[in-house]
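Enquirer: For the sequence shown, the positions run 32 to 191 when UniProt numbering is used.
Using N, Cα and C, we set each Cβ at its ideal position, and we do this for glycine too.
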Amino acid sequence: FGKHGIFVERTLAIIKPDAIENANEIEDMILKNGFTILQKRRIILSAEQCSDFYSEHYGKKFFPSLVAFMTSGPILALILARENAILSWRELIGPTNSTQARESHPDRFRIYVRALFGTNEQKNAVHGSDSAVSAEREIRFFFPNSIVEPIPLGRPARDY
Ligand code: RTP
Ligand code: MG
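1) According to DSSP, is lysine 71 part of a helix, a strand, or is it coil?
2) For arginine 145, does the count of other Cβ atoms within 10 angstroms reach 16, so buried, or fall short, so exposed?
3) What residue range is occupied by the uninterrupted alpha helix (DSSP H) comprising leucine 109?
4) Report the option in Trp120, Ile106, Ser86 and Glu167 whose CA atom is closest to the CA atom of lysine 47.
5) Pull up the CB-CB distance for glutamate 114 and isoleucine 61, whole angstroms please, since I reckon it's below 8 Å.
6) With DSSP as the reference, identify every bridge partner of valine 157, one or two as the case may be.
7) Report yes if the C-beta distance between alanine 54 and histidine 158 is below 8 Å; otherwise report no.
8) Leaving out five residues on either side along the sequence, give the residues of the same chain with a beta carbon under 7 Å from the beta carbon of alanine 132.
9) What does the alpha-carbon distance come out to for the pair glutamate 56 and glycine 90?
10) What number of angstroms, rounded off, separates the C-alpha of aspartate 190 from the C-alpha of methionine 101?
11) Just to confirm before moving on: does the CB-CB distance between alanine 112 and phenylalanine 173 stay below 8 Å?
12) Less than 7 Å separating the Cβ of aspartate 161 from some heavy atom of the ligand FMN?
13) Grab me the residues of lysine 71's own chain with a C-beta within less than 7 Å of its C-beta, minus the 5 sequence neighbours each way, in chain order.
14) Let me know the secondary structure DSSP gives serine 177 once reduced to three states.
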C-alpha cells in the first residue's frame with residue numbers, strides 16, 4: 032500500500048465491573064485517543080464464560096478470585112479500531128497493577144486509565160488484548176456474529 036497507507040487494527044477492550052460506573056469517562060478517553068468504537072456489548076459473564084475467556088490463567092493462584100471479580104457485575108466489551116490499536120490501547124491503560132500505574136506516566140500530559148479508575152492488582156478497571164492472536168479470539172468471543180468485517184486483522188484497511 033502507498034506511502035500514506037495506514038494499518039487499521041482492531042482490539043478488544045473490557046470495562047470491568049469495578050469501573051462500570053466510569054464507563055462514560057473511559058469511553059471519552061478512548062475517543063480522545065483516536066480510537067473508533069466499532070461495537071459495544073454490556074453483559075454479565077457466567078463463571079464458565081469467564082473461565083473460558085481467561086483460560087490462559089487457569090491454574091494460577093489468582094484465577095478463582097479473578098473469576099469471582101469479573102462475574103461480580105456487568106462488564107462492557109468494546110471493539111476498538113485505530114492504527115496500531117492493540118499496542119496503543121495497552122499503552123493507554125498502563126501496567127496491570129493500578130498502584131504501579133499511578134506511580135508512573137506514559138508522558139507529561141497523559142495519565143493511564145488504570146491509574147485513574149483502577150484500585151489494585153486485580154481491580155484494574157479495564158482489559159486489553161495483548162496480541163493480534165488474542166485480539167481476534169477475544170473479539171470473536173464477545174461478538175461471534177459480528178457483521179462489521181471491513182478490516183482483516185493486521186492488514187491495511189485501504190490506500191489513502
Ligand atoms: P488484562 O488481561 O485484563 O488486560 O490484564 P493484563 O494483561 O495486564 O494482566 P494479566 O496478567 O493478563 O491478568 C489478567 C487479570 O487478572 C487479574 N490479576 N490479578 N496477582 C493478582 O492478584 C492478579 N494478577 C492479575 C487482573 O485483573 C488482570 O488484569
Ligand atoms: Mg492479559
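Expert: On the basis of the data shown:
1) The DSSP-derived three-state label of lysine 71 is strand.
2) A buried status is given to arginine 145, since no fewer than 16 other beta-carbon atoms sit within 10 Å of its beta-carbon.
3) Run containing leucine 109: none in the alpha helix (DSSP H); it sits in the beta strand (DSSP E), 106-114.
4) Ile106
5) In fact, because the Cβ distance is near 14 Å, the residues do not count as touching under 8 Å.
6) In DSSP, valine 157 forms a bridge with Ile46.
7) no
8) Around alanine 132: Gly125, Pro126, Tyr143, Arg145, Ala146 and Gly149.
9) 34 Å
10) Since pLDDT at aspartate 190 reaches only 46, below the 50 mark, its modelled position is unreliable, and no value is offered.
11) In this structure, phenylalanine 173 does not lie closer than 8 Å to alanine 112 by Cβ.
12) The ligand FMN is not part of the structure shown, which contains the ligand RTP and the ligand MG as its ligands.
13) Leu107 and Leu109
14) coil
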